[in-house]
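Undergrad: If you read the sequences in order, they're chains A and B.
According to our numbering, the stretch in the first sequence is residues 1 to 264, in order.
According to our numbering, the stretch in the second sequence is residues 265 to 334, in order.
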Amino acid sequence: MNSSMLTLYGETFNSRFLLGTALYPSPQIMRDAIEASECNIVTLGLRRQNPNERDGAAIWDYIKDTRCHLLPNTAGCKSAKEAITLAEMSREIFDTPWIKLEVIGDDYNLQPDPYGLVEAAAVLIKEGFKVLPYTTDDLIVAKKLLDVGCEALMPWGSPIGTGQGLMNKYNLRTLRERLPNTPLIIDAGLGKPSQAMEAMEMGFDGILLNTAVAKAQKPALMAQAFAGAINAGRQAYEAGLMVTRDTASPSTPTIGQPFWHQNK
Amino acid sequence: MSDAITVSLNGNTEALESGQSLQHALQQWGLSDKKVATAINGDFVPRSRYSDTTIDDGDQIDVVTPVGGG
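1) For the segment 203-227 of chain A, enumerate the residues whose C-beta is nearer than 9 Å to any C-beta of chain B, in chain order.
2) Pull up the distance between the alpha-carbon of residue 12/A and that of residue 280/B, whole angstroms please.
3) My guess is that residue 317/B and residue 309/B are in contact by the Cβ rule of under 8 Å, so how many angstroms apart are they, rounded?
4) Taking a contact to mean a Cβ-Cβ separation below 8 Å, would you say residue 221/A touches residue 154/A in this structure?
5) Would residue 117/A and residue 103/A be called neighbours here (beta carbons separated by less than 8 Å)?
6) Please identify, using Cβ separations under 9 Å, the residues of the segment 310-331 of chain B that lie next to chain A, in order along the chain.
7) Can you tell which of 298/B, 320/B and 305/B has the C-alpha that lies nearest to the C-alpha of residue 329/B?
8) Would you tell me roughly how many angstroms separate the C-alpha atoms of residue 88/A and residue 249/A, rounded to the nearest one?
9) Is residue 185/A buried or exposed, if buried means 16 or more other CB atoms sit within 10 Å of its CB?
10) Nearest-angstrom Cα distance between residue 83/A and residue 113/A?
11) With residue 169/A as the anchor, note down where its alpha helix (DSSP H) starts and where it stops.
12) List the endpoints of the continuous alpha helix (DSSP H) containing residue 237/A.
13) Could you tell me which of 78/A, 44/A and 79/A sits nearest to residue 63/A, measuring between CA atoms?
14) Give the secondary structure of residue 242/A by DSSP, where H, G and I count as helix, E and B as strand, and everything else as coil.
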């Protein structure tokens, strides 16, 4: 298998970049950004339909045309029951068992509710869903999600839409080290390509983001920038980073230096 | 003549004749030909059950459609 490919629930993807479809200035700009990102997976959501409004149908037409793999979310759900119902609705409407599972426990920082998340994941896995849970960087919650059958996890970098990057690197490093065989996708909170690259250098398997691209002045260009950073970070991880040191070590050979310092 | 019932459609109050199927109600609301999924009182109702699902007074009906999402 090509090591540069992302594997989730037995399916492989060429790109390690997953892109959201919200908050763009227009559907066309969204589509341009998706194209520029070269992503294979896009996230999308469900909201109440009001008669005679065509907005939902319009955005769906644009997303469908991208031919990307669809990853519907349960954004806004605050209980396992709500998330399960919305996942079931998603499966029918998008004809996919894939679900980005969100159960939000706090309105202020949109922090996942770990108890509701594990409860919903257990039910949905039994119903045949391929669950990608949006979770915190907590190792024990991650283990519980794996125990109920999740085959990939999506820990946050920092709260949704904040752009603060990797908020708790100790926890994220711990997740990576303790779960070496679990696909881990950093989801949420990244604002800069350098933050995405850092996550990939740490060995994370992919990046899911939305706001940083959608709210850029030039979303397509930013999508391209993130794609480059994600690729570079992955290449660096696969190449193997050097070990950092506290003291300097000359890179040019010291033996055979011509004339300076020779009389000391 | 059937009695009227009141239901909640996506948070808005709607009047219906009693004994109507979900399929008929969605047609009446202009939602039957759209890409939607439905839940009644928080439980998902598969499309295959629209015609044999009867709407009761006070039901809360949610009809959702795709939107951009992160």
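Note that CB positions come from ideal geometry on N, CA and C, so glycine has one too.
Quantities reported herein were computed from a predicted structural model and do not represent experimental measurements.
TA: In terms of the structure at hand:
1) 208, 209, 210, 211 and 214
2) Along the first sequence, one-based indexing puts residue 12/A at 12. Along the second sequence, one-based indexing puts residue 280/B at 16. Their Cα atoms are separated by approximately 49 Å.
3) As a first step, residue 317/B is located in the second sequence; it is residue number 53 there, counting from the start. As a first step, residue 309/B is located in the second sequence; it is residue number 45 there, counting from the start. Indeed, because the Cβ distance is near 6 Å, the residues count as touching under 8 Å.
4) Position 221 of the first sequence, counted from the start, is the residue given in the question as residue 221/A. Position 154 of the first sequence, counted from the start, is the residue given in the question as residue 154/A. No. Outside cutoff.
5) Here residue 117/A refers to the residue found at position 117 when the first sequence is read from its first residue. Here residue 103/A refers to the residue found at position 103 when the first sequence is read from its first residue. Yes, the Cβ-Cβ distance between residue 117/A and residue 103/A is below 8 Å.
6) 310, 311, 326, 327, 328, 329, 330 and 331
7) Mapped onto the second sequence, residue 329/B falls at position 65. That would be 298/B, whose Cα lies nearest to the Cα of residue 329/B.
8) Numbered from 1 along the first sequence, position 88 holds the residue referred to as residue 88/A. Numbered from 1 along the first sequence, position 249 holds the residue referred to as residue 249/A. Taking the straight line joining both Cα atoms gives about 58 Å.
9) Residue 185/A sits at position 185 when you count from the first residue of the first sequence. By the 10 Å Cβ count, residue 185/A comes out buried.
10) The count along the first sequence starts at 1 and reaches residue 83/A at position 83. The count along the first sequence starts at 1 and reaches residue 113/A at position 113. About 12 Å.
11) Within the first sequence, the letter at position 169 stands for residue 169/A. That run of the alpha helix (DSSP H) goes 169-178.
12) Here residue 237/A refers to the residue found at position 237 of the first sequence. Note, residue 237/A: alpha helix (DSSP H), 219-239.
13) Indexing the first sequence from 1 puts residue 63/A at position 63. Each of 78/A, 44/A and 79/A was checked against the Cα of residue 63/A, and the nearest Cα belongs to 44/A.
14) Position 242 of the first sequence, counted from the first residue, corresponds to residue 242/A. Correct three-state label for residue 242/A: coil.
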